[in-house]
Amino acid sequence: MSFTGKWNITINTPMGKQEGVLELTQDGEAVTGTMTAQGESATVENGRVEGESVLWDVNVSKPMPLTLSFEGEKAGDNLNGSVQLGAFGQSTFEGVAA
Numbered sequence: 008m009s010f011t012g013k014w015n016i017t018i019n020t021p022m023g024k025q026e027g028v029l030e031l032t033q034d035g036e037a038v039t040g041t042m043t044a045q046g047e048s049a050t051v052e053n054g055r056v057e058g059e060s061v062l063w064d065v066n067v068s069k070p071m072p073l074t075l076s077f078e079g080e081k082a083g084d085n086l087n088g089s090v091q092l093g094a095f096g097q098s099t100f101e102g103v104a105a
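Reading the sequence shown from the start, the letters are residues 8 to 105 in this note's numbering.
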């Protein structure tokens, strides 16, 4: 299963839904890419495939500086999963193929 692709993602946060674009490139078990949201682009860090899941971190500065840690699985062409919102707990995200 390849996680290479582009998704329009929606992150459910305590401050409401946050939307962005995620682009991933998989090479073996390594995953790189970018996530763009609120006019800023962030590099995917620590990207890797573990079994049926893809995991990655993104450091954001808006609406405040924090690290978002994602774990997603493919559902058809979509990418859905959970995200750790720094110290603000865990939530979910949905990604629709772009």
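Even for Gly, the Cβ is constructed at its ideal location relative to N, Cα and C. Bear in mind that the values here come from a model prediction, so they are computed numbers and not experimental data.
Query                                                                                             : Result
Could you pull the start and end residues of the beta strand (DSSP E) that S48 belongs to?        : 47 to 50
Grab the span of the beta strand (DSSP E) containing S76 for me, first residue to last.           : 73 to 82
From S7 to R55, what does the alpha carbon distance come to, in whole angstroms?                  : Shown here, the chain extends from 8 to 105; a query on residue 7 therefore has no answer.
When the Cα of A44 is compared with those of V61, A82, I16, G35, which residue comes out closest? : I16
Does DSSP classify F95 as helix, strand or coil?                                                  : helix
Out of G102, G93, A104, point me to the one whose CA is closest to P21's CA.                      : G93
Can you tell me which of the three DSSP states S9 falls into?                                     : coil
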